[in-house]
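Structure first, commentary second.
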Amino acid sequence: MVGALIYTMICLRADIAYCVLILTTYMTKPCKVCWQKALHVGAYLKSTANAYLEYRPTDLLIKFYTDSNFGSDDLLTSKATIGHNGYLGGCLVCWKSAKHKMDFSTCVTEYMGFIIAGKRILFIRALLRALSIQIYQTTDSLYIDDIEQEDISTCQAGPSVLYSDNEAAINLSYNPVLHQRTSHVNRLYHGIRTWIKHRVITVQKVPTGLNDADIHTKCTPSAAFINNRKQMGFHCPTDQPPTTPTGSE
445 MVGALIYTMI
455 CLRADIAYCV
465 LILTTYMTKP
475 CKVCWQKALH
485 VGAYLKSTAN
495 AYLEYRPTDL
505 LIKFYTDSNF
515 GSDDLLTSKA
525 TIGHNGYLGG
535 CLVCWKSAKH
545 KMDFSTCVTE
555 YMGFIIAGKR
565 ILFIRALLRA
575 LSIQIYQTTD
585 SLYIDDIEQE
595 DISTCQAGPS
605 VLYSDNEAAI
615 NLSYNPVLHQ
625 RTSHVNRLYH
635 GIRTWIKHRV
645 ITVQKVPTGL
655 NDADIHTKCT
665 PSAAFINNRK
675 QMGFHCPTDQ
685 PPTTPTGSE
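Here the numbering used here is used: the sequence shown runs in plain steps of one and ends on residue 693.
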């Protein structure tokens, strides 16, 4: 059953990515509780069978939302959960919820999420370049003229936007100085600074309530879950917070 949920999540239902991630954690040692939770996810999909993603022809702006949960809800593996949503022209085209090795602070964990989402952004830009599609990311048409011709983002105009709700991680990505507190960070994660320097990606602050990637990192209240689902572009006729049946605990 979990395999069917994985297939459903990959093909369409990005809103169950975090649930599927938790279920796959216990695949090697399943239990009755895991089976009940899987049935609960199946019941949710059945109750929202009419939900759909709406795609409308618009511009080709690339924007990503990223978030992480330091420490996560997983006490067994002690790993952080990192997730992101990617949009092309305002339409959801990719999503991810995965566990990664936990660092020593929330700031660095969010910083790790930047490089993961950044690689997805570079892939989309490379795909558009292969299709000979020119995009304009900013109104002032900032052209990348300081990158070699072979760079995968040469034909793109202006930086793609990466949104995060962690101001400390954003400041770290723009600060080229290696401070003592971040000297332990793997140098591979500092690639985001190179992309920012060459105007391939820009990282901007977004309020937590508007960061829809939050749905991929933790269990959120019903109202927040429905709000994130709407922000992702899902249309569901039953968008009402679930109520607790009478007599239940």
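Ideal Cβ positions, reconstructed from N, Cα and C, are used throughout, including at glycine.
Burial state of residue i (16 or more Cβ within 10 Å)
i, result
"SER465", "Here the sequence assigns Leu to residue 465, which means Ser is not the residue at that position. So LEU465 counts as buried."
"MET676", "buried"
"LYS563", "exposed"
"VAL477", "exposed"
"PHE567", "exposed"
"ASP511", "buried"
"PHE678", "buried"
"ASN513", "buried"
"ALA487", "exposed"
"CYS455", "exposed"
"TYR451", "exposed"
"CYS463", "buried"
"ASP503", "exposed"
"HIS484", "exposed"
"ILE611", "The sequence given here places Glu at residue 611; Ile does not occur at that position. It counts as exposed."
DSSP three-state assignment for residue i, whether helix, strand or coil
i, result
"THR452", "helix"
"THR646", "strand"
"THR582", "Legend: pLDDT at THR582 = 45, less than 50; position of this residue unreliable, no value from coordinates given."
"TYR618", "helix"
"ILE670", "helix"
"LYS662", "coil"
"ARG457", "coil"
Residues that DSSP places opposite residue i in a beta bridge
i, result
"GLY527", "ASP511, SER541"
"HIS679", "TYR496"
"SER604", "ILE645"
"CYS535", "LEU532"
"ILE506", "LEU532"
Rounded Cβ spacing between residue i and residue j (contact assumed at less than 8 Å)
i, j, result
"ALA482", "MET453", "Incorrect: roughly 12 Å between the Cβ atoms, too far for contact."
"VAL650", "SER608", "7 Å"
"GLN648", "VAL605", "6 Å"
Residue i: CB within 7 Å of a non-hydrogen atom of the ligand HEM
i, result
"THR646", "Among the components of this structure there are no ligands whatsoever, and the ligand HEM is therefore not found."
Which residue spans inside the region 554 to 579 form an unbroken alpha helix (DSSP H) run of at least 4?
Qualifying alpha helix (DSSP H) stretches: none in this window.
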